[in-house]
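Enquirer: Counting from 6, one number per residue, gives the positions in the sequence shown under the numbering used here. Just so it is clear, CB atoms sit at the ideal spot from N, CA and C, and this is done for glycine as well. The structure's right below; bear with me while I get my questions together.
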Amino acid sequence: MRQYLRLLGIGGIGIIRMSGKNCFDVLQKIFVPIHKKPIEEIKGYTMKYGHIVDNKQRVVDEVLVSYFKAPKSYTTENMCEINTHGGNVVEKEILELCLKNGADLAEPGEFTKRAFLNGRIDLLQAESVIDIINAKSKREADEGIKQLKGVLSEKIAAIKQEIMDVMVNIEVVIDYPEYDVEDVTISQIKAMLDSVGGKLIKLEKSFDNGKLIKEGIKTAIIGKPNVGKSSLLNAILNEDRAIVTEFEGTTRDTIEEFVNINGIPLKLIDTAGIRKAKDQVEKIGIEKSKEMAADADLIIAIFDSTKELSDEDLAILELAKDKKTIIILNKIDQKPQVLAENDERFTDVTNNIIKISALNKWGLDELYDKITNLFQLNEINLDNEVMITNVRQKNLIDKAIQNVEKAKDAINNNAPTDIIAIFIKEILEDLGSITGEVVSEDIINEIFSKFCLGK
Ligand code: GDP
6 MRQYLRLLGI GGIGIIRMSG KNCFDVLQKI FVPIHKKPIE EIKGYTMKYG
56 HIVDNKQRVV DEVLVSYFKA PKSYTTENMC EINTHGGNVV EKEILELCLK
106 NGADLAEPGE FTKRAFLNGR IDLLQAESVI DIINAKSKRE ADEGIKQLKG
156 VLSEKIAAIK QEIMDVMVNI EVVIDYPEYD VEDVTISQIK AMLDSVGGKL
206 IKLEKSFDNG KLIKEGIKTA IIGKPNVGKS SLLNAILNED RAIVTEFEGT
256 TRDTIEEFVN INGIPLKLID TAGIRKAKDQ VEKIGIEKSK EMAADADLII
306 AIFDSTKELS DEDLAILELA KDKKTIIILN KIDQKPQVLA ENDERFTDVT
356 NNIIKISALN KWGLDELYDK ITNLFQLNEI NLDNEVMITN VRQKNLIDKA
406 IQNVEKAKDA INNNAPTDII AIFIKEILED LGSITGEVVS EDIINEIFSK
456 FCLGK
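As structure tokens, then:
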């Protein structure tokens, strides 16, 4: 089996990647290295310079080819990568030459799928490759790298081991009922289920943080017209250290911008709406604020500190209740200052109240500190914890937790040991599905179909 792939888009170089037992046979038919050496003598992890030629020996491109010899390659199979000049014409021609000479086209994710099927990485690690490629913030990429290194896999393996240690004793009870060890075993099982259950719940909770990191903290900047929403948005987006990615929002006609400040990923909701509103008579008001607030993980509610609170302001405060909120008193550069931070109408909603001048970019650091505190101190510390990052993993953890509960119920109802054992085996299976030891082909195909070509 051989495949190759083409990286689309125009760059300085293009890479065509082949993997499989016979990939060097295909390569030899189209590649003429300058220093001719039999393939057996070429070492892995080396690069050779030469030309790609067609079947009439016409030179198609000047290239560098990297050699990876099984099992020391990404897929564990023989692999080579042809570094061509960029541009679609040459790449396409080399791609077609590979095809003509016996290669098959790779599916999206096929290289990583092979790495998984050949046992070099587990399913969690394979999924982390997608996360790294799609990462929108450094933090998200870091999380992916951690998972690729197998940190989460090790954690799952440790939980499984804890179960297996007790499972051995359960098997003894089932196989040799004449030994009177049942009582001891039951108390062991109970202790194990408590411990495993606790660890699984912690992992399950980590999903919320994992999701925030992956998708960004959905942030709504709300306030009545003219309080400075658009000015604040611009101040945030124009910061030197802000890495901004713009993408289409989930609802029609909205744009969401992903800002990465101090490693905190914020997804600003409907930035186009806020900007568009700036020059129009009809500015973003309460109705629109309501929509944005409903969908947000974080609300930044802005008020004009030079004006008494109006009914509209109070309606905005109402929206901010029961949510993670930061209240901003804007325009502190102007006199008179009418609103105070210790106003009970604010402190009833949150203690996160800051004064800024969006126009002069005063107080932004304090805003970022507040965001960091809101999403880290009162939750799991993002740096040291292992996180689950996708729904597939979360659903399996949920299922394992349910099976822990079922096993506990069985014990409380004095069920026979072999019944309890069934639930415990289910937990092991759920955990095995997370890392991919027991997983159906459909699921594997679904996971890898999300990959891009060439990975
Ligand atoms: P929005 O309708 O909430 O988006 O408000 P804008 O950002 O469009 O601001 C309304 C007006 O207030 C504009 O004229 C801004 O220049 C002004 N403004 C915004 N922030 C400040 C500030 O911190 N200080 C001062 N002096 N003016 C501000």
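#1: Measuring straight from C-alpha to C-alpha, what distance separates E442 and I337?
#2: Which runs of the beta strand (DSSP E) fall wholly inside the segment 34–82 and span at least 3 residues, in chain order?
#3: Could you check if I226 is buried or exposed, using at least 16 other CB atoms within 10 Å of its CB as the buried criterion?
#4: Looking only at its chain, what residues have a beta carbon closer than 7 Å to the beta carbon of E132, apart from the 5 residues adjacent to it on each side?
#5: Tell me the DSSP secondary structure of K219 in three-state form.
#6: Looking only at its chain, what residues have a beta carbon closer than 8 Å to the beta carbon of K455, apart from the 5 residues adjacent to it on each side?
#7: Do A301 and ligand 1 come close, with the Cβ less than 6 Å from some heavy atom?
#8: Assuming Y72 and G49 make a contact with CB atoms under 8 Å, what is their CB distance in whole Å?
#9: Evaluate S476 with the Cβ neighbour count: other Cβ atoms within 10 Å of its Cβ, from every protein chain shown; 16 or more gives buried, anything less gives exposed.
#10: Along the chain, which unbroken stretches of the beta strand (DSSP E) at least 3 residues long are found entirely within the segment 399–435?
#11: Per DSSP, R125 is paired with what?
#12: Taking the CB atoms as reference points, tell me whether I191 and L433 lie closer together than 7 Å.
#13: Using 7 Å as the threshold, is the C-beta distance between L357 and I393 below it?
#14: For ligand 1, I want to know if F230 counts as a neighbour, meaning its beta carbon is within less than 6 Å of at least one of the ligand's heavy atoms.
#15: What do you get for N83, buried or exposed, if any count of 16 or more other CB atoms within 10 angstroms of its CB means buried?
#16: Hey, would you say the C-beta of D318 is under 6 Å away from at least one heavy atom of ligand 1?
#17: Beta carbon of A218, beta carbon of E148: below 7 Å?
#18: Express the C-alpha separation of I87 and I21 in angstroms, rounding to a whole number.
#19: Taking the continuous alpha helix (DSSP H) assigned at I351, which residues delimit it?
#20: Return yes when the Cβ of I57 is within less than 7 Å of the Cβ of I99, no when it is not.
#21: Thinking C-beta only, is K312 closer than 7 Å to V343?
#22: With distances taken from CA atoms, which of S315, I35, D316, K326 is nearest A298?
#23: Can you say whether L319 is buried or exposed, counting buried as having 16 or more other CB atoms within 10 angstroms of its CB?
#24: Kindly indicate which three-state DSSP category F456 falls into: helix, strand or coil?
#25: To the nearest angstrom, how far is the alpha carbon of Q152 from that of E145?
#26: Quick check: the Cα distance between L369 and A363, rounded to an integer number of angstroms?
#27: Excluding the 5 residues preceding and the 5 following A405 in the sequence, name in chain order all residues of the same chain whose CB lies nearer than 7 Å to its CB.
#28: When you compare each of R397, P421, N231 to F212 by their alpha carbons, which one comes out closest?
#29: For ligand 1, any of its heavy atoms closer than 6 Å to the Cβ of Q342?
#30: Would you report the Cα separation of V156 and K74, rounded to the nearest angstrom?
#31: Any idea what DSSP makes of M169, helix, strand or coil?
#32: Would you kindly report the start and end of the unbroken alpha helix (DSSP H) that includes D147?
#33: Go to L242, then tell me how far its alpha helix (DSSP H) extends in each direction, as first and last residue.
#34: Please list the terminal residues of the continuous beta strand (DSSP E) segment that includes M23.
#35: Please confirm whether any heavy atom of ligand 1 lies closer than 6 Å to the CB of G233.
Expert: In terms of the structure at hand:
#1: For the purposes of this step, residue 442 is taken as the residue at position 437 of the sequence shown. For the purposes of this step, residue 337 is taken as the residue at position 332 of the sequence shown. Roughly 60 Å separates the two Cα atoms.
#2: 36–38, 51–58, 64–73
#3: What you label residue 226 is simply residue 221 of the sequence shown in a count that begins at 1. Its Cβ being crowded by 16 or more others within 10 Å, I226 is buried.
#4: Residue 132 sits at position 127 when you count from the first residue of the sequence shown. Only N395, I452 meet the Cβ criterion.
#5: Counting from 1 along the sequence shown, the entry for residue 219 is found at position 214. Looking at K219 - three-state DSSP - the assignment turns out to be helix.
#6: Position 450 of the sequence shown, counted from the start, is the residue given in the question as residue 455. So the list reads P113, G114, I135, once near-sequence residues are dropped.
#7: In the sequence shown, residue 301 corresponds to position 296, counting from 1. Checking every heavy atom of ligand 1 against the Cβ of A301, none is found closer than 6 Å.
#8: Within the sequence shown, the letter at position 67 stands for residue 72. Within the sequence shown, the letter at position 44 stands for residue 49. With 8 Å as the limit, Y72 and G49 qualify as a contact, their Cβ atoms being about 6 Å apart.
#9: Nothing about residue 476 can be reported from this structure: the residues present for the chain run from 6 to 460 only.
#10: none
#11: The sequence position of residue 125 within the sequence shown is 120, counting from 1. Partner(s): none; R125 has no beta bridge.
#12: Here residue 191 refers to the residue found at position 186 of the sequence shown. Here residue 433 refers to the residue found at position 428 of the sequence shown. No. Outside cutoff.
#13: Locating residue 357 in the sequence shown gives position 352, where the first residue counts as 1. Locating residue 393 in the sequence shown gives position 388, where the first residue counts as 1. Reading off the sequence shown, one finds Asn at residue 357, where the question assumed Leu. Their beta carbons are not under 7 Å apart, which means N357 does not touch I393 by this criterion.
#14: Position 225 of the sequence shown holds residue 230. At residue 230 the sequence reads Pro, which differs from the Phe that was named. Indeed, a heavy atom of ligand 1 lies less than 6 Å from the Cβ.
#15: Here the question's residue 83 lines up with position 78 in the sequence shown. Buried, since its Cβ has 16 or more Cβ neighbours within 10 Å.
#16: Here residue 318 corresponds to residue number 313 of the sequence shown, with the count starting at 1. Checking the Cβ of D318 against ligand 1 gives no.
#17: As a working mapping, residue 218 is identified with position 213 in the sequence shown. As a working mapping, residue 148 is identified with position 143 in the sequence shown. Residue identity differs from the one stated: residue 218 is Ile in this sequence, not Ala. Result yes, Cβ atoms of I218 and E148 sit closer than 7 Å.
#18: Stepping through the sequence shown from its first residue, residue 21 is reached at position 16. Stepping through the sequence shown from its first residue, residue 87 is reached at position 82. Spanning the two alpha carbons is a distance of roughly 5 Å.
#19: As a working note, residue 351 is residue 346 in the sequence shown. Here the sequence assigns Phe to residue 351, which means Ile is not the residue at that position. Its alpha helix (DSSP H) spans residues 349–352.
#20: Position 94 of the sequence shown holds residue 99. Position 52 of the sequence shown holds residue 57. Against a cut-off of 7 Å, the Cβ pair of I57 and I99 comes out as a contact.
#21: Here the question's residue 343 lines up with position 338 in the sequence shown. Here the question's residue 312 lines up with position 307 in the sequence shown. Contact: yes.
#22: The residue labelled residue 298 in the question sits at position 293 within the sequence shown. Closest by alpha carbon: K326.
#23: Here residue 319 corresponds to residue number 314 of the sequence shown, with the count starting at 1. Exposed, since its Cβ has fewer than 16 Cβ neighbours within 10 Å.
#24: For the purposes of this step, residue 456 is identified with residue 451 of the sequence shown, where counting begins at 1. F456: coil per DSSP, three-state reduction.
#25: Translated into positions along the sequence shown, residue 152 becomes position 147. Translated into positions along the sequence shown, residue 145 becomes position 140. So the alpha carbons of these two residues sit roughly 11 Å apart.
#26: Translated into the one-based positions of the sequence shown, residue 369 becomes position 364. Translated into the one-based positions of the sequence shown, residue 363 becomes position 358. One C-alpha to the other measures close to 8 Å.
#27: Position 400 of the sequence shown, counted from the first residue, corresponds to residue 405. Excluding positions up to five away in sequence, the list reads L205, I432, D435, L436.
#28: The count along the sequence shown starts at 1 and reaches residue 212 at position 207. Nearest option by C-alpha distance: R397.
#29: Counting from one through the sequence shown, the residue named residue 342 turns up at place 337. Checking every heavy atom of ligand 1 against the Cβ of Q342, none is found closer than 6 Å.
#30: As a working note, residue 156 is residue 151 in the sequence shown. As a working note, residue 74 is residue 69 in the sequence shown. Rounded to whole angstroms, V156 to K74 spans 27 Å at the Cα level.
#31: The sequence position of residue 169 within the sequence shown is 164, counting from 1. Three-state DSSP puts M169 in a helix.
#32: Walking along the sequence shown from the start, residue 147 turns up at place 142. Segment 143–153, the alpha helix (DSSP H) holding D147.
#33: As a first step, residue 242 is located in the sequence shown; it is residue number 237 there, counting from the start. 234–242 is the span of the alpha helix (DSSP H), which, as asked, contains L242.
#34: Stepping through the sequence shown from its first residue, residue 23 is reached at position 18. Segment 18–24, the beta strand (DSSP E) holding M23.
#35: On the sequence shown, residue 233 is found 228 positions in, with the first residue counted as 1. Yes, since a heavy atom of ligand 1 falls inside the 6 Å radius drawn around the Cβ of G233.
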